[in-house]
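In our numbering, the protein residues as written are 476 to 851. The beta carbon of each residue, even a glycine, is placed where N, CA and C say it ideally should be. Since the structure is predicted, the reported quantities are computational estimates derived from the model, not experimental observations. Notes follow the structure.
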Amino acid sequence: MTSLSRARPMAFRSSSTLFLIMTAFARYAPIADRALDVVRTCVRSTLWEDCAPCQGVLLARKIMKTDKQALIRALKKKRESEGLSIRALSERVGISFSTLARIERGEGEPDNNSTIRIIEWLGPDAQNAGLSFESVALVHFRAAKNVQSKTVHCLLQAAEQLVRNSNKGFPVSEDFAETDSELAGSIALAKSEMEEMATGLRGDLEVALNAPLDALNFRIDGVDVYTVSDVRGLDANCARFLLGPGGREWSAMSVPLDITEDRWAILRNDSHTLERQKVTYLEECWHILLGHKLTRIAKVADAFGRTYDSTEEHDAFYLASATMLPEVEVRSQVTAGKSAAEIAAWFGTSPELVEYRIKRLGLWRIYKNKGVGLND
476 MTSLSRARPM AFRSSSTLFL IMTAFARYAP IADRALDVVR TCVRSTLWED CAPCQGVLLA
536 RKIMKTDKQA LIRALKKKRE SEGLSIRALS ERVGISFSTL ARIERGEGEP DNNSTIRIIE
596 WLGPDAQNAG LSFESVALVH FRAAKNVQSK TVHCLLQAAE QLVRNSNKGF PVSEDFAETD
656 SELAGSIALA KSEMEEMATG LRGDLEVALN APLDALNFRI DGVDVYTVSD VRGLDANCAR
716 FLLGPGGREW SAMSVPLDIT EDRWAILRND SHTLERQKVT YLEECWHILL GHKLTRIAKV
776 ADAFGRTYDS TEEHDAFYLA SATMLPEVEV RSQVTAGKSA AEIAAWFGTS PELVEYRIKR
836 LGLWRIYKNK GVGLND
């Protein structure tokens, strides 16, 4: 295990500087007798072409007894007891007015998104009505198209052990409703902003732009880093699976250890190449520092989950790649005729990541020496 100390990039602003650093993802509370386990996971396929977009997910291992009539009765009872109109409840839970009205009238089945949001808002009332989750976890991952259920559940078990081993049970929030900030859409960062942030981070770390960055030694105060063999209490079968057959499907997992999300545990897949571990670890760090939140609902393996906005996923990966491969040096080396393999060898990344940077910086034509002109 490696303890990390926080780097504070100058390029971030807060209310007085460049970017507001938030580590408040979404707050969740117990829906059944046990508290919600909150987890962020990054899962990647070995083959880039087999990957779905990296995304964060609130994963429900199993949704129990989602009886339509029980859901409608519990929803209407709590709404009326709190004196809320359907429109007011719509704003609180993030479901459209028309959808809520149809649900209360019994017209059509609520979709997965609506069901999960309603059960979260009902809180203990959901359990009393026989509506509950067996367990849920906030998960950040990149999954292969056919990610195995066992991979997902072994990662959740590892997350549970990391929380338990921290000597601090995961804190419970009584706030089931989403806040205005949680309902708001994500704000896409401009390319220039992200390049500035990546450069600023290197500056704070005192690493020259033309020097390789030892990303696995990047330190964030309050964050501990583990490999699978470090996780005390993890089932031996799961440990073998996560580094064996399931190893292709995940790269890193981040687990908040307190309600303020100042303390974190990150689990790395050290069966992958160092080049791959570096960029996925940095992406996890940027997600933590940027405070990305979950918005949409998706299904992962045999579970339903809440996913990150795709723009936030793009930003985190872009920042990780820009931190590893500074713009000024990529431009310089491409102009000098260096190959992706040569640039990768110098900076300690994969050639594929170098090509991603070349394309995103608009240098592909120069890199491939594609001449252009006008016909006479």
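Check, Outcome
"Between residue 637 and residue 626, what straight-line distance do the alpha-carbon atoms span, to the nearest angstrom?", "17 Å"
"For a minimum of 4 consecutive residues, which ranges assigned as the alpha helix (DSSP H) are wholly contained in the region 550 to 602?", "561 to 568, 572 to 580 and 587 to 597"
"Let's see if you can read the secondary structure: which residues bound the beta strand (DSSP E) around residue 847?", "First-last for residue 847: undefined, no H or E at that position."
"Let me know the secondary structure DSSP gives residue 800 once reduced to three states.", "coil"
"Quick check on the DSSP output: the alpha helix (DSSP H) that includes residue 715 runs from which residue to which?", "711 to 718"
"I need the boundaries of the alpha helix (DSSP H) containing residue 627, first residue and last residue.", "624 to 640"
"Could you tell me how far apart the beta carbons of residue 804 and residue 684 are, in whole angstroms, since I believe they sit closer than 8 Å?", "6 Å"
"Give the straight-line distance between the Cα atoms of residue 679 and residue 802, rounded to the nearest whole angstrom.", "17 Å"
"Considering Cα atoms alone, identify which of 585, 736 and 788 is closest to residue 761.", "788"
"Confirm, please, whether the CB-CB distance from residue 740 to residue 790 is below 8 Å.", "no"
"Given that a residue counts as buried once 16 or more other Cβ atoms are within 10 Å of its Cβ, and exposed if not, what is residue 725?", "buried"
"Return yes when the Cβ of residue 703 is within less than 8 Å of the Cβ of residue 718, no when it is not.", "yes"
"If we ignore side chains and look at the alpha-carbon of each, how far apart do residue 601 and residue 549 end up?", "7 Å"
"Whole-angstrom Cβ separation of residue 799 and residue 688, contact assumed at under 8 Å?", "6 Å"
"Over what stretch of residues does the alpha helix (DSSP H) that includes residue 757 continue unbroken?", "749 to 765"
"I need the straight-line Cα distance from residue 629 to residue 581, nearest angstrom please.", "38 Å"
"Provide the residue span of the beta strand (DSSP E) that contains residue 729, from first to last.", "727 to 731"
"Looking at the structure shown, is residue 697 part of a helix, part of a strand, or coil, going by DSSP?", "strand"
"For residue 662, is the classification buried or exposed, using 16 other Cβ atoms within 10 angstroms of its Cβ as the cut-off for buried?", "exposed"
"Would residue 833 be called buried (16 or more neighbouring beta carbons within 10 Å of its own) or exposed?", "buried"
"For residue 824, which three-state DSSP category applies?", "coil"
"Are the Cβ atoms of residue 578 and residue 589 separated by less than 8 Å?", "yes"
"In whole angstroms, what is the alpha-carbon distance linking residue 672 and residue 808?", "21 Å"
"Below 8 Å on the Cβ atoms is my guess for residue 742 versus residue 633; work out the distance and round it to an integer in Å.", "6 Å"
"Going by DSSP in three states, residue 740 sits in which element: helix, strand or coil?", "strand"
"For the putative contact between residue 756 and residue 727, defined by C-beta atoms under 8 Å, what is the C-beta separation to the nearest angstrom?", "6 Å"
"One question on the structure: do residue 732 and residue 814 come within less than 8 Å of each other, judged by their Cβ atoms?", "no"
"Would you kindly report the start and end of the unbroken alpha helix (DSSP H) that includes residue 679?", "666 to 680"
"Can you find the residues in the same chain that come closer than 7 Å, C-beta to C-beta, to residue 583, ignoring five residues on each side of it along the sequence?", "577"
"When burial is assigned at 16 or more other CB atoms within 10 Å of the CB, is residue 752 buried or exposed?", "buried"
"Measuring alpha carbon to alpha carbon, tell me which residue in 794, 746 and 694 is nearest residue 716.", "746"
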